[in-house]
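Numbering (our numbering), first residue to last: 7 to 455.
What follows is the structure, given as structure tokens:
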């Protein structure tokens, strides 16, 4: 369904949202105070653009906000986003979304809040990032984790290593647990939808899907390593994300060290974090890292506000012997560079915010879309509507396009990792891994006739 959508703020989040929504044929209007940001978007996208303040009454009238199905306020200033959303709602916008980072405005640590302050959806990129980092700390072997069907289904990305028992073996010759499925492989930066004849190679990024309750144990078979979490975590940066990560780890019997350069912030951290050791120092100082035995840590989290510091400190931690590095990337286009240099996992707060917003925006049968490897693949979650052609047919009889695979079905029967003989019913949540090229065919397959 074509929507009238307004995006206020053209930082990394706003640009990404505007790009995706314009390509999905929505009527998109962008608003920003910076004429250069507006010009850059005008050159690339088919959108209407306005230079000005999103919360200005004059601008709201100019963009006809009363006709907007949705206004998304994602500037870098919380108060501007809140005010813009409330004014848009009062002026007749149907739905509004606001990005809010300050914990002073947010109840609890969920990262995503519906119907807060009279705003339909409030999202916090920092808290969402901290939640994701803690998932990765909880499973040392995973470099990417995504959840679907109200957290009943989980997808993990594991990297194959030479010493792992399944490396060099074809999938058909592996005795997989029945609740586990390999949905995709990234090899040499190319996406493979595997068959039984696919042989796992060293360096493969392998995506497996299963029941959230049991996938950890299942993955132990696959990765030949325990799914238990870390015992020692070192966090560089005591800002909002680093602080939230440390706070989440309290009470979990994990040794936590926080390195922060600002002495005043260190005092705050020492007062608020009862179980963490807070160090005032430079996280790129290799002597400091040696002294704090970073090489013995299970996880090093680089959570500063500067990408170059996160990159350098992570490389140093890796060189010293740290088992796993997780680095914040504030510019998503840097992600391939981090991965090329051998860092284990990257977290983009702006991309998390954009993904949450896009999940809310997308209507119809697709309830969520997760981007894989900067667009090489997508995971679609459908709620099957009445009248869909997939209902009542065995999967083996459906014309599932090449380049797509059904990874899991969650319904009244619980979660199943399907075989060709399984049948989809109305209301089931179906998780599909697909390449961008065949996504339209997959969506067509699930549509109500």
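Even glycine gets a Cβ: it sits at the ideal position worked out from N, Cα and C. What you are looking at is a predicted structure, and each value in this text was computed from that prediction instead of being measured.
Boundaries of the beta strand (DSSP E) in which residue i is found, first to last residue
i: residue 283; result: 283–286
i: residue 104; result: 101–105
i: residue 182; result: Counting along the chain, residue 182 falls outside any beta strand (DSSP E), and DSSP gives it neither H nor E.
i: residue 337; result: From DSSP, residue 337 is part of no beta strand (DSSP E); its letter is neither H nor E.
i: residue 149; result: 148–154
i: residue 445; result: First-last for residue 445: 445–452, but that is the alpha helix (DSSP H), not the beta strand (DSSP E).
i: residue 353; result: 351–353
i: residue 55; result: 54–57
i: residue 409; result: Neither: residue 409 is in no beta strand (DSSP E) and is coded neither H nor E.
i: residue 341; result: That residue, residue 341, is in no beta strand (DSSP E); its alpha helix (DSSP H) goes 341–346.
i: residue 14; result: 10–14
Whole-angstrom C-beta distance between residue j and residue i, which should lie under 8 Å
i: residue 329; j: residue 146; result: 6 Å
i: residue 462; j: residue 262; result: This structure cannot settle anything about residue 462, because the visible part of the chain is limited to 7 through 455.
i: residue 323; j: residue 159; result: The Cβ separation is near 32 Å, so there is no contact.
i: residue 43; j: residue 77; result: At roughly 18 Å, the Cβ-Cβ gap does not stay under 8 Å, so residue 43 and residue 77 are not in contact.
i: residue 378; j: residue 139; result: 19 Å between Cβ atoms; not a contact.
i: residue 47; j: residue 16; result: 6 Å
Assigned secondary structure, residue i (DSSP; H/G/I helix, E/B strand, else coil)
i: residue 163; result: strand
i: residue 221; result: helix
i: residue 74; result: coil
i: residue 268; result: coil
i: residue 83; result: coil
i: residue 432; result: coil
i: residue 248; result: helix
i: residue 25; result: helix
i: residue 121; result: strand
i: residue 126; result: strand
i: residue 94; result: helix
i: residue 38; result: strand
i: residue 199; result: coil
i: residue 236; result: coil
i: residue 141; result: helix
i: residue 423; result: coil
i: residue 116; result: coil
i: residue 47; result: helix
Beta-bridge partners of residue i, as assigned by DSSP
i: residue 399; result: Paired residues: none, contrary to the question.
i: residue 387; result: 374, 437
i: residue 65; result: In DSSP, residue 65 forms no bridge with anything.
i: residue 187; result: 215
i: residue 242; result: 265, 308
i: residue 417; result: 420
i: residue 330; result: 305
Span of the alpha helix (DSSP H) around residue i
i: residue 457; result: With the chain represented from 7 up to 455, any question about residue 457 goes unanswered, as that position is not in the structure.
i: residue 260; result: Run containing residue 260: none; DSSP gives neither H nor E here.
i: residue 296; result: 292–297
So does the region 357–365 actually touch the region 420–434, counting three or more Cβ pairs closer than 8 Å?
no
Please determine if the region 128–137 and the region 95–113 are in contact, where contact requires at least 3 C-beta pairs separated by less than 8 Å.
yes
Please confirm if the region 304–322 is in contact with the region 338–357, defined as three or more CB-CB distances below 8 Å between the two stretches.
yes
Should the region 264–274 be regarded as contacting the region 194–210, the criterion being three or more beta carbon pairs within less than 8 Å?
no
Are the region 389–404 and the region 55–65 in contact at 8 Å, needing three or more beta carbon pairs?
Taking a cut-off of 8 Å on C-beta distances, the region 389–404 does not touch the region 55–65, as fewer than three cross pairs fall below it.
Decide yes or no for the touch test of the region 35–50 against the region 16–27: beta carbon pairs closer than 8 Å, at least 3 of them.
yes
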